[in-house]
Amino acid sequence: MVMEISTTLSTQPATDKQLAEVLANPGFGNHFTDHMLTIEWTPDQGWHNGRIEAYAPISLDPSAAVLHYAQEIFEGMKAYRHADGSVWAFRPEANAARMARSSERLALPVLEIEDFVQSVFDLVKADERWVPEASETDEKSLYLRPFMFASESFLGVRPAQHVTYMVIASPAGAYFKGGVKPVRIWLTEDYTRAGRGGMGAAKTGGNYASSLVAQAEASAQGCDQVVFLDAQEGKYVEELGGMNLYFVHADGRIVTPETGTILEGITRASIIELAGKLGYTVEERRFGIDEWKSGVESGEITEVFACGTAAVVTPVGELVHAGGSIASAGEGEVWKTLRKQLVDIQFGRAEDTFGWMRKIV
-12 MVMEISTTLS
-2 TQPATDKQLA
8 EVLANPGFGN
18 HFTDHMLTIE
28 WTPDQGWHNG
38 RIEAYAPISL
48 DPSAAVLHYA
58 QEIFEGMKAY
68 RHADGSVWAF
78 RPEANAARMA
88 RSSERLALPV
98 LEIEDFVQSV
108 FDLVKADERW
118 VPEASETDEK
128 SLYLRPFMFA
138 SESFLGVRPA
148 QHVTYMVIAS
158 PAGAYFKGGV
168 KPVRIWLTED
178 YTRAGRGGMG
188 AAKTGGNYAS
198 SLVAQAEASA
208 QGCDQVVFLD
218 AQEGKYVEEL
228 GGMNLYFVHA
238 DGRIVTPETG
248 TILEGITRAS
258 IIELAGKLGY
268 TVEERRFGID
278 EWKSGVESGE
288 ITEVFACGTA
298 AVVTPVGELV
308 HAGGSIASAG
318 EGEVWKTLRK
328 QLVDIQFGRA
338 EDTFGWMRKI
348 V
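Take the sequence shown: its letter number 81 is residue 68 in the numbering used here, and every next letter is one higher.
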(Lines of atoms letter the chains of each structure in order from A and count residues from 1; the text may use other names and numbers.)
(Lines give C-alpha, C1' and ligand atoms only; values in the text may rest on other atoms or scores of the structure.)
Protein backbone atom coordinates (compact mmCIF):
# COMPACT_ATOMS: atom_id res chain seq x y z
CA MET A 1 0.00 0.00 0.00
CA VAL A 2 1.43 3.36 -1.06
CA MET A 3 1.52 6.01 1.65
CA GLU A 4 -0.61 9.05 0.85
CA ILE A 5 1.51 12.19 0.63
CA SER A 6 -0.10 15.42 -0.52
CA THR A 7 1.88 18.19 -2.22
CA THR A 8 1.33 21.92 -1.85
CA LEU A 9 3.94 23.74 -3.89
CA SER A 10 5.68 26.80 -2.51
CA THR A 11 4.30 30.14 -3.67
CA GLN A 12 7.75 31.71 -3.27
CA PRO A 13 10.29 29.26 -4.70
CA ALA A 14 13.85 30.37 -5.32
CA THR A 15 14.22 32.24 -8.57
CA ASP A 16 16.35 30.77 -11.35
CA LYS A 17 19.01 33.38 -10.58
CA GLN A 18 19.00 32.61 -6.84
CA LEU A 19 19.19 28.89 -7.53
CA ALA A 20 22.06 29.30 -9.98
CA GLU A 21 24.04 31.29 -7.40
CA VAL A 22 23.51 28.60 -4.75
CA LEU A 23 24.39 25.70 -7.03
CA ALA A 24 27.56 27.45 -8.22
CA ASN A 25 28.98 27.23 -4.70
CA PRO A 26 26.63 25.30 -2.39
CA GLY A 27 29.08 24.46 0.40
CA PHE A 28 27.66 21.89 2.79
CA GLY A 29 24.45 22.31 4.78
CA ASN A 30 24.18 26.03 4.06
CA HIS A 31 21.19 26.23 1.72
CA PHE A 32 17.90 24.35 1.62
CA THR A 33 15.42 23.52 -1.12
CA ASP A 34 11.96 25.01 -1.63
CA HIS A 35 10.08 22.23 0.12
CA MET A 36 10.07 19.85 3.08
CA LEU A 37 8.18 16.63 3.80
CA THR A 38 6.35 15.86 7.04
CA ILE A 39 4.54 12.74 8.30
CA GLU A 40 3.07 12.36 11.79
CA TRP A 41 2.54 9.31 13.99
CA THR A 42 0.27 8.47 16.93
CA PRO A 43 -0.54 5.04 18.40
CA ASP A 44 -4.17 5.27 17.22
CA GLN A 45 -3.59 6.51 13.68
CA GLY A 46 -0.14 5.21 12.90
CA TRP A 47 1.69 7.19 10.22
CA HIS A 48 -0.61 9.82 8.77
CA ASN A 49 -0.95 13.36 7.42
CA GLY A 50 1.92 12.98 4.96
CA ARG A 51 2.55 16.23 3.16
CA ILE A 52 5.06 18.18 1.11
CA GLU A 53 4.88 21.92 1.62
CA ALA A 54 7.03 25.03 1.49
CA TYR A 55 10.24 24.87 3.54
CA ALA A 56 9.63 26.91 6.69
CA PRO A 57 10.33 26.98 10.44
CA ILE A 58 8.44 24.38 12.46
CA SER A 59 6.43 25.13 15.59
CA LEU A 60 7.08 23.11 18.77
CA ASP A 61 5.56 23.33 22.21
CA PRO A 62 8.21 24.17 24.85
CA SER A 63 7.34 20.87 26.53
CA ALA A 64 7.95 18.79 23.38
CA ALA A 65 9.65 15.61 24.54
CA VAL A 66 12.56 15.86 22.11
CA LEU A 67 13.70 19.09 23.79
CA HIS A 68 13.96 17.41 27.17
CA TYR A 69 14.82 13.75 26.55
CA ALA A 70 16.57 13.82 23.14
CA GLN A 71 14.35 11.15 21.58
CA GLU A 72 15.51 11.83 18.03
CA ILE A 73 17.17 10.07 15.09
CA PHE A 74 18.23 11.02 11.57
CA GLU A 75 19.77 9.77 8.35
CA GLY A 76 22.12 11.21 5.75
CA MET A 77 22.11 10.30 2.06
CA LYS A 78 22.46 11.89 -1.37
CA ALA A 79 20.75 12.19 -4.75
CA TYR A 80 23.01 12.29 -7.80
CA ARG A 81 22.48 13.82 -11.24
CA HIS A 82 23.70 11.57 -14.06
CA ALA A 83 24.93 12.76 -17.44
CA ASP A 84 21.57 12.09 -19.12
CA GLY A 85 19.79 14.37 -16.62
CA SER A 86 18.24 11.57 -14.58
CA VAL A 87 18.48 11.59 -10.78
CA TRP A 88 19.45 8.58 -8.68
CA ALA A 89 19.75 7.56 -5.02
CA PHE A 90 22.51 5.40 -3.56
CA ARG A 91 21.33 2.42 -1.49
CA PRO A 92 18.25 4.15 -0.01
CA GLU A 93 16.95 0.86 1.39
CA ALA A 94 20.10 0.60 3.52
CA ASN A 95 19.41 4.03 5.01
CA ALA A 96 15.80 3.00 5.61
CA ALA A 97 16.89 -0.18 7.40
CA ARG A 98 19.37 1.72 9.55
CA MET A 99 16.71 4.27 10.50
CA ALA A 100 14.47 1.37 11.52
CA ARG A 101 17.24 0.05 13.79
CA SER A 102 17.76 3.52 15.23
CA SER A 103 14.01 3.83 15.81
CA GLU A 104 13.95 0.61 17.80
CA ARG A 105 16.90 1.71 19.94
CA LEU A 106 15.32 5.12 20.68
CA ALA A 107 11.80 3.68 21.29
CA LEU A 108 10.40 5.48 18.25
CA PRO A 109 7.90 4.03 15.76
CA VAL A 110 9.39 2.30 12.73
CA LEU A 111 8.75 3.80 9.31
CA GLU A 112 8.65 0.89 6.87
CA ILE A 113 11.42 0.72 4.26
CA GLU A 114 9.04 1.29 1.34
CA ASP A 115 7.51 4.35 3.02
CA PHE A 116 10.93 5.78 3.85
CA VAL A 117 12.10 5.42 0.25
CA GLN A 118 8.86 6.91 -1.09
CA SER A 119 9.09 9.90 1.24
CA VAL A 120 12.64 10.71 0.15
CA PHE A 121 11.90 10.18 -3.53
CA ASP A 122 8.75 12.33 -3.40
CA LEU A 123 10.66 15.27 -1.94
CA VAL A 124 13.43 14.94 -4.54
CA LYS A 125 10.82 14.91 -7.32
CA ALA A 126 9.28 18.11 -5.92
CA ASP A 127 12.69 19.80 -5.76
CA GLU A 128 14.44 18.14 -8.71
CA ARG A 129 15.76 21.45 -10.03
CA TRP A 130 17.90 21.68 -6.87
CA VAL A 131 19.92 18.58 -7.82
CA PRO A 132 23.21 20.00 -9.15
CA GLU A 133 24.92 18.99 -12.37
CA ALA A 134 28.07 17.03 -11.69
CA SER A 135 31.38 16.34 -13.40
CA GLU A 136 34.46 14.29 -12.57
CA THR A 137 36.10 17.37 -11.10
CA ASP A 138 33.03 18.72 -9.32
CA GLU A 139 31.10 16.12 -7.32
CA LYS A 140 28.06 18.17 -6.37
CA SER A 141 24.92 16.38 -5.20
CA LEU A 142 21.72 16.91 -3.25
CA TYR A 143 22.18 15.97 0.40
CA LEU A 144 19.05 14.47 1.96
CA ARG A 145 18.29 14.59 5.67
CA PRO A 146 15.38 12.41 6.89
CA PHE A 147 14.83 12.79 10.64
CA MET A 148 12.34 11.77 13.32
CA PHE A 149 11.66 13.28 16.73
CA ALA A 150 9.36 13.10 19.74
CA SER A 151 6.92 15.96 19.23
CA GLU A 152 4.47 15.13 22.03
CA SER A 153 3.91 17.89 24.60
CA PHE A 154 4.57 15.91 27.76
CA LEU A 155 7.27 15.95 30.43
CA GLY A 156 6.97 12.37 31.65
CA VAL A 157 9.89 10.04 30.92
CA ARG A 158 8.41 7.49 28.50
CA PRO A 159 8.31 6.93 24.72
CA ALA A 160 6.44 9.78 23.02
CA GLN A 161 2.88 9.24 21.82
CA HIS A 162 3.20 11.82 19.05
CA VAL A 163 6.17 11.59 16.67
CA THR A 164 7.07 13.69 13.65
CA TYR A 165 9.11 12.47 10.70
CA MET A 166 10.52 14.98 8.21
CA VAL A 167 12.81 15.14 5.18
CA ILE A 168 14.72 18.23 4.11
CA ALA A 169 17.29 18.63 1.35
CA SER A 170 20.38 20.74 0.76
CA PRO A 171 22.62 21.00 -2.34
CA ALA A 172 26.14 19.99 -1.40
CA GLY A 173 29.64 20.56 -2.64
CA ALA A 174 32.84 19.25 -1.07
CA TYR A 175 32.57 18.46 2.64
CA PHE A 176 36.10 19.66 3.33
CA LYS A 177 37.05 23.10 2.05
CA GLY A 178 39.73 22.89 -0.60
CA GLY A 179 38.58 19.49 -1.88
CA VAL A 180 39.97 16.03 -1.14
CA LYS A 181 43.25 16.22 0.70
CA PRO A 182 44.89 14.39 3.62
CA VAL A 183 43.24 15.30 6.92
CA ARG A 184 44.87 15.68 10.33
CA ILE A 185 43.28 13.60 13.07
CA TRP A 186 43.36 14.41 16.80
CA LEU A 187 43.38 11.49 19.23
CA THR A 188 41.21 12.31 22.23
CA GLU A 189 42.07 10.39 25.37
CA ASP A 190 39.68 12.31 27.63
CA TYR A 191 36.36 11.70 25.87
CA THR A 192 34.57 8.63 24.54
CA ARG A 193 31.70 8.39 22.06
CA ALA A 194 29.69 5.37 23.18
CA GLY A 195 29.88 2.25 25.32
CA ARG A 196 28.55 -1.28 25.25
CA GLY A 197 24.75 -1.26 25.35
CA GLY A 198 24.65 2.46 24.58
CA MET A 199 23.42 4.33 21.53
CA GLY A 200 26.61 4.32 19.48
CA ALA A 201 25.14 2.13 16.74
CA ALA A 202 22.07 4.38 16.40
CA LYS A 203 22.20 7.51 14.27
CA THR A 204 20.94 9.88 16.94
CA GLY A 205 21.85 13.48 17.64
CA GLY A 206 23.14 12.69 21.12
CA ASN A 207 26.07 10.76 19.66
CA TYR A 208 27.11 13.80 17.69
CA ALA A 209 26.53 16.16 20.61
CA SER A 210 28.92 14.05 22.70
CA SER A 211 31.60 14.49 20.01
CA LEU A 212 31.51 18.28 19.85
CA VAL A 213 33.76 19.08 22.81
CA ALA A 214 36.35 16.64 21.49
CA GLN A 215 36.00 18.12 18.00
CA ALA A 216 36.61 21.57 19.46
CA GLU A 217 39.71 20.14 21.13
CA ALA A 218 40.82 18.80 17.75
CA SER A 219 40.29 22.16 16.07
CA ALA A 220 42.36 23.84 18.78
CA GLN A 221 45.16 21.42 17.88
CA GLY A 222 44.90 22.36 14.20
CA CYS A 223 43.17 19.10 13.26
CA ASP A 224 40.23 18.41 10.95
CA GLN A 225 38.65 15.51 12.83
CA VAL A 226 38.82 13.65 16.14
CA VAL A 227 39.21 9.90 16.65
CA PHE A 228 37.58 8.14 19.61
CA LEU A 229 38.78 5.08 21.49
CA ASP A 230 36.59 2.46 23.14
CA ALA A 231 34.97 3.39 26.45
CA GLN A 232 35.88 0.20 28.31
CA GLU A 233 39.65 -0.06 27.89
CA GLY A 234 40.55 3.16 26.10
CA LYS A 235 42.88 1.49 23.64
CA TYR A 236 40.82 0.38 20.64
CA VAL A 237 40.05 2.69 17.72
CA GLU A 238 36.34 3.16 17.08
CA GLU A 239 35.40 5.99 14.70
CA LEU A 240 35.91 9.63 13.89
CA GLY A 241 33.42 12.34 14.75
CA GLY A 242 31.47 11.57 11.59
CA MET A 243 33.39 8.95 9.60
CA ASN A 244 34.70 5.38 9.72
CA LEU A 245 38.36 4.38 9.40
CA TYR A 246 40.37 1.92 7.28
CA PHE A 247 43.99 0.80 7.59
CA VAL A 248 45.76 -0.56 4.50
CA HIS A 249 48.61 -2.97 5.24
CA ALA A 250 51.72 -3.70 3.19
CA ASP A 251 50.49 -7.21 2.35
CA GLY A 252 47.27 -5.81 0.87
CA ARG A 253 44.98 -6.45 3.84
CA ILE A 254 42.56 -3.71 4.81
CA VAL A 255 41.46 -3.54 8.44
CA THR A 256 38.47 -1.55 9.73
CA PRO A 257 37.25 -1.39 13.34
CA GLU A 258 34.32 -3.72 13.97
CA THR A 259 30.89 -2.31 14.70
CA GLY A 260 28.74 -2.84 17.75
CA THR A 261 29.35 0.38 19.61
CA ILE A 262 29.87 2.42 16.43
CA LEU A 263 27.53 3.36 13.61
CA GLU A 264 27.18 0.91 10.72
CA GLY A 265 28.05 3.30 7.90
CA ILE A 266 26.46 2.79 4.47
CA THR A 267 29.63 4.06 2.79
CA ARG A 268 31.68 1.83 5.12
CA ALA A 269 29.75 -1.27 4.04
CA SER A 270 30.03 -0.27 0.38
CA ILE A 271 33.81 0.17 0.64
CA ILE A 272 34.10 -3.31 2.16
CA GLU A 273 32.19 -4.82 -0.78
CA LEU A 274 34.12 -2.81 -3.35
CA ALA A 275 37.47 -3.73 -1.83
CA GLY A 276 36.54 -7.41 -1.80
CA LYS A 277 35.59 -7.30 -5.47
CA LEU A 278 38.92 -5.64 -6.28
CA GLY A 279 40.76 -8.51 -4.59
CA TYR A 280 41.56 -7.02 -1.20
CA THR A 281 41.06 -8.97 2.01
CA VAL A 282 39.06 -6.87 4.46
CA GLU A 283 39.15 -7.61 8.18
CA GLU A 284 36.56 -6.22 10.59
CA ARG A 285 38.04 -6.51 14.05
CA ARG A 286 39.19 -4.60 17.10
CA PHE A 287 42.09 -2.36 16.14
CA GLY A 288 44.33 -0.88 18.82
CA ILE A 289 45.70 2.64 18.81
CA ASP A 290 49.14 1.18 19.49
CA GLU A 291 48.77 -0.97 16.38
CA TRP A 292 48.06 2.21 14.40
CA LYS A 293 51.12 3.98 15.78
CA SER A 294 53.54 1.07 15.42
CA GLY A 295 52.16 0.04 12.04
CA VAL A 296 52.75 3.45 10.48
CA GLU A 297 56.19 3.79 12.06
CA SER A 298 57.30 0.38 10.80
CA GLY A 299 55.77 0.71 7.34
CA GLU A 300 53.37 -2.18 7.95
CA ILE A 301 50.48 0.27 7.53
CA THR A 302 50.85 2.02 4.17
CA GLU A 303 47.61 4.03 4.07
CA VAL A 304 44.97 5.27 6.46
CA PHE A 305 41.69 6.65 5.12
CA ALA A 306 38.24 7.59 6.35
CA CYS A 307 34.83 7.38 4.73
CA GLY A 308 31.31 8.72 5.19
CA THR A 309 28.30 9.92 3.21
CA ALA A 310 29.32 13.59 3.27
CA ALA A 311 33.07 13.25 2.67
CA VAL A 312 32.93 9.95 0.68
CA VAL A 313 36.57 8.79 1.03
CA THR A 314 39.33 10.96 2.45
CA PRO A 315 42.99 10.09 3.19
CA VAL A 316 44.34 10.56 6.71
CA GLY A 317 47.65 12.36 6.59
CA GLU A 318 48.61 12.63 10.25
CA LEU A 319 47.59 11.37 13.68
CA VAL A 320 48.17 13.98 16.36
CA HIS A 321 48.16 13.06 20.06
CA ALA A 322 49.26 14.51 23.38
CA GLY A 323 52.71 12.99 23.02
CA GLY A 324 53.39 14.13 19.48
CA SER A 325 52.23 13.04 16.04
CA ILE A 326 52.61 10.32 13.44
CA ALA A 327 52.50 11.14 9.75
CA SER A 328 51.17 8.51 7.35
CA ALA A 329 53.61 6.98 4.89
CA GLY A 330 51.93 8.78 2.02
CA GLU A 331 48.61 9.24 0.30
CA GLY A 332 48.83 5.86 -1.43
CA GLU A 333 46.67 4.48 -4.23
CA VAL A 334 44.16 2.18 -2.54
CA TRP A 335 41.92 4.94 -1.21
CA LYS A 336 42.04 6.71 -4.59
CA THR A 337 40.99 3.56 -6.44
CA LEU A 338 38.15 2.81 -4.02
CA ARG A 339 36.96 6.40 -4.04
CA LYS A 340 36.91 6.64 -7.83
CA GLN A 341 35.10 3.31 -8.16
CA LEU A 342 32.44 4.37 -5.65
CA VAL A 343 31.93 7.89 -6.98
CA ASP A 344 31.78 6.69 -10.59
CA ILE A 345 28.98 4.27 -9.66
CA GLN A 346 27.10 7.01 -7.79
CA PHE A 347 27.28 9.44 -10.70
CA GLY A 348 26.55 6.83 -13.38
CA ARG A 349 30.00 6.82 -14.92
CA ALA A 350 30.60 3.13 -14.15
CA GLU A 351 28.39 0.05 -14.30
CA ASP A 352 26.54 -0.62 -11.06
CA THR A 353 27.23 -4.34 -10.72
CA PHE A 354 26.10 -4.29 -7.09
CA GLY A 355 22.57 -3.01 -7.75
CA TRP A 356 23.08 -0.07 -5.39
CA MET A 357 21.53 2.73 -7.42
CA ARG A 358 17.81 3.51 -7.52
CA LYS A 359 16.38 5.86 -10.14
CA ILE A 360 14.23 8.65 -8.70
CA VAL A 361 13.29 10.59 -11.81
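Glycine residues also receive a C-beta, built at the ideal position from the N, C-alpha and C atoms.
(1) If residue 6 sits next to residue 64, beta carbons under 8 Å apart, how far is it from one beta carbon to the other, in whole angstroms?
(2) Under the assumption that residue 66 contacts residue 74 (Cβ atoms under 8 Å), give the Cβ distance between them as a whole number of angstroms.
(3) Please look up how many angstroms separate the CB atoms of residue 305 and residue 293, rounded, as I've assumed it's under 8 Å.
(4) Among residues of its own chain, excluding the 5 on either side of residue 69, which ones have a beta-carbon nearer than 7 Å to its beta-carbon?
(5) Where does residue 26 sit, in a helix, a strand or coil, going by DSSP?
(6) For the beta strand (DSSP E) that contains residue 226, what are its first and last residues?
(7) Taking 9 Å as the cut-off, decide whether the C-beta atoms of residue 210 and residue 242 are in contact.
(8) With 9 Å as the threshold, decide whether the Cβ of residue 329 is near any Cβ in chain D.
(9) Can you tell me where the beta strand (DSSP E) holding residue 130 begins and where it ends?
(10) Among residues of its own chain, excluding the 5 on either side of residue 232, which ones have a beta-carbon nearer than 6 Å to its beta-carbon?
(11) Which one of 259, 278, 272 has the shortest CA to CA distance from residue 321?
(12) Residue range of the beta strand (DSSP E) that residue 296 falls in?
(13) Taking 8 Å as the cut-off, does the region 217 to 236 touch the region 284 to 300 (at least 3 CB pairs, one atom from each stretch)?
(14) To which residues does DSSP link residue 172 through a beta bridge?
(15) With distances taken from CA atoms, which of 176, 222, 197, 55 is nearest residue 185?
(16) Residue -11 by DSSP, collapsed to three states: which one?
(17) On the premise that residue 175 lies in contact with residue 204, defined as a C-beta separation below 8 Å, what is that separation, rounded to the nearest angstrom?
(18) Tell me, to the nearest whole angstrom, how far the beta carbon of residue 217 is from that of residue 248; I am working on the premise that it is less than 8 Å.
(19) Which same chain residues, not among the five before or five after residue 87, have their C-beta less than 6 Å away from its C-beta?
(20) Taking Cβ to Cβ, would you say residue 81 is nearer than 9 Å to residue 111?
(21) Can you tell me which of the three DSSP states residue 254 falls into?
(22) Pull up the CB-CB distance for residue 39 and residue -8, whole angstroms please, since I reckon it's below 8 Å.
(23) Suppose you measure from the CA of residue 201 to the CA of residue 295; what does that come to, to the nearest Å?
(24) Which one of 106, 0, 44, 29 has the shortest CA to CA distance from residue -10?
(25) Is the separation between the beta-carbon of residue 276 and that of residue 192 shorter than 9 Å?
(26) With DSSP as the reference, label residue 325 as helix, strand or coil.
(27) Please check the pair residue 51 and residue 139, which I expect to be a contact at CB under 8 Å, by giving their CB distance rounded to whole angstroms.
(28) If you check the beta carbons only, do residue 401 and residue 297 fall under 9 Å apart?
(29) According to DSSP, simplified to helix, strand and coil, what is residue 147?
(30) Measuring alpha carbon to alpha carbon, tell me which residue in 325, 229, 266, 23 is nearest residue 252.
(31) Return the CA-CA distance between residue 49 and residue 257, expressed in angstroms with no decimal places.
(32) When DSSP builds the beta bridges, which residues end up paired with residue 231?
(33) Taking the alpha-carbon of residue 133 as reference, which of 153, 119, 147, 126 has the nearest alpha-carbon?
(34) What did DSSP end up calling residue 87 once you bin it into helix, strand or coil?
(35) Which class does residue 106 belong to by DSSP, given the choice of helix, strand or coil?
(36) Since residue 75 sits in a beta bridge, which residues does DSSP pair it with?
The structure says:
(1) Here residue 6 refers to the residue found at position 19 when the sequence shown is read from its first residue. Here residue 64 refers to the residue found at position 77 when the sequence shown is read from its first residue. Incorrect: roughly 22 Å between the Cβ atoms, too far for contact.
(2) By one-based count along the sequence shown, residue 66 stands at place 79. By one-based count along the sequence shown, residue 74 stands at place 87. Their Cβ separation, rounded to whole angstroms, is 5 Å, which keeps residue 66 and residue 74 in contact under 8 Å.
(3) As a first step, residue 305 is located in the sequence shown; it is residue number 318 there, counting from the start. As a first step, residue 293 is located in the sequence shown; it is residue number 306 there, counting from the start. No, residue 305 and residue 293 are not in contact; Cβ-Cβ is about 13 Å, not under 8 Å.
(4) Within the sequence shown, numbered from 1, the residue matching residue 69 stands at position 82. Answer for residue 69: 75, 334, 335, listed in chain order.
(5) For the purposes of this step, residue 26 is taken as residue 39 along the sequence shown, with counting starting at 1. In this structure, residue 26 counts as strand in the three-state DSSP scheme.
(6) Locating residue 226 in the sequence shown gives position 239, where the first residue counts as 1. Where residue 226 is concerned, the enclosing beta strand (DSSP E) stretches over 224 to 227.
(7) For the purposes of this step, residue 210 is identified with residue 223 of the sequence shown, where counting begins at 1. For the purposes of this step, residue 242 is identified with residue 255 of the sequence shown, where counting begins at 1. No, they are not a contact pair.
(8) In the displayed structure, chain D is absent; only one protein chain is listed.
(9) Your numbering for residue 130 matches position 143 in the sequence shown. Segment 128 to 137, the beta strand (DSSP E) holding residue 130.
(10) In the sequence shown, residue 232 corresponds to position 245, counting from 1. Hits under 6 Å: 293.
(11) Here residue 321 refers to the residue found at position 334 of the sequence shown. That would be 259, whose Cα lies nearest to the Cα of residue 321.
(12) What you label residue 296 is simply residue 309 of the sequence shown in a count that begins at 1. Counting along the chain, residue 296 falls outside any beta strand (DSSP E), and DSSP gives it neither H nor E.
(13) As far as the Cβ criterion goes, the region 284 to 300 touches the region 217 to 236, which means the pair count is three or higher.
(14) Numbered from its first residue, the sequence shown carries residue 172 at position 185. Answer is 212, 306, bridged to residue 172.
(15) Along the sequence shown, one-based indexing puts residue 185 at 198. Checking every option, the nearest Cα to that of residue 185 belongs to 197.
(16) Here residue -11 refers to the residue found at position 2 of the sequence shown. In this structure, residue -11 counts as coil in the three-state DSSP scheme.
(17) Numbered from 1 along the sequence shown, position 217 holds the residue referred to as residue 204. Numbered from 1 along the sequence shown, position 188 holds the residue referred to as residue 175. The pair is a contact, with the Cβ atoms about 6 Å apart (cut-off 8 Å).
(18) Counting from 1 along the sequence shown, the entry for residue 217 is found at position 230. Counting from 1 along the sequence shown, the entry for residue 248 is found at position 261. Correct: roughly 7 Å between the Cβ atoms.
(19) In the sequence shown, residue 87 corresponds to position 100, counting from 1. Result list for residue 87: 97, in chain order.
(20) As a first step, residue 81 is located in the sequence shown; it is residue number 94 there, counting from the start. As a first step, residue 111 is located in the sequence shown; it is residue number 124 there, counting from the start. It is not a contact, given that the beta carbons lie outside the stated cut-off.
(21) Locating residue 254 in the sequence shown gives position 267, counting from the first residue. Correct three-state label for residue 254: helix.
(22) If you number the sequence shown from 1, residue 39 lands on position 52. If you number the sequence shown from 1, residue -8 lands on position 5. The Cβ separation is near 6 Å, so the contact holds.
(23) Taking the sequence shown and counting its residues from 1, the one referred to as residue 201 is at position 214. Taking the sequence shown and counting its residues from 1, the one referred to as residue 295 is at position 308. Roughly 19 Å between the two C-alpha positions.
(24) The residue you call residue -10 lines up with position 3 of the sequence shown. Among 106, 0, 44, 29, the Cα nearest to that of residue -10 is on 106.
(25) For the purposes of this step, residue 276 is taken as the residue at position 289 of the sequence shown. For the purposes of this step, residue 192 is taken as the residue at position 205 of the sequence shown. Cβ atoms of residue 276 and residue 192: not closer than 9 Å.
(26) Residue numbering aside, residue 325 sits at position 338 when the sequence shown is read from its first letter. In the structure shown, residue 325 sits in a helix (DSSP, three-state: H, G or I).
(27) Along the sequence shown, read from residue 1 onward, the residue named residue 51 stands at position 64. Along the sequence shown, read from residue 1 onward, the residue named residue 139 stands at position 152. Confirmed, Cβ separation roughly 7 Å.
(28) Summary: the structure shown does not reach residue 401, with the chain confined to residues -12 through 348, and so no result is reported for it.
(29) Indexing the sequence shown from 1 puts residue 147 at position 160. The answer is coil: DSSP assigns residue 147 none of H, G, I, E or B.
(30) Walking along the sequence shown from the start, residue 252 turns up at place 265. Of the listed residues, the one whose Cα sits closest to residue 252 is 229.
(31) Indexing the sequence shown from 1 puts residue 49 at position 62. Indexing the sequence shown from 1 puts residue 257 at position 270. Between residue 49 and residue 257, the C-alpha separation is close to 41 Å.
(32) Within the sequence shown, residue 231 is the residue found at index 244, counting from 1. Per DSSP, 294.
(33) In the sequence shown, residue 133 corresponds to position 146, counting from 1. Nearest C-alpha to residue 133: 153.
(34) If you number the sequence shown from 1, residue 87 lands on position 100. In the structure shown, residue 87 sits in a helix (DSSP, three-state: H, G or I).
(35) Reading the sequence shown from its first residue, position 119 is the one you call residue 106. Helix at residue 106.
(36) Against the sequence shown, residue 75 aligns to sequence position 88. BP columns for residue 75 point to 67, 346.
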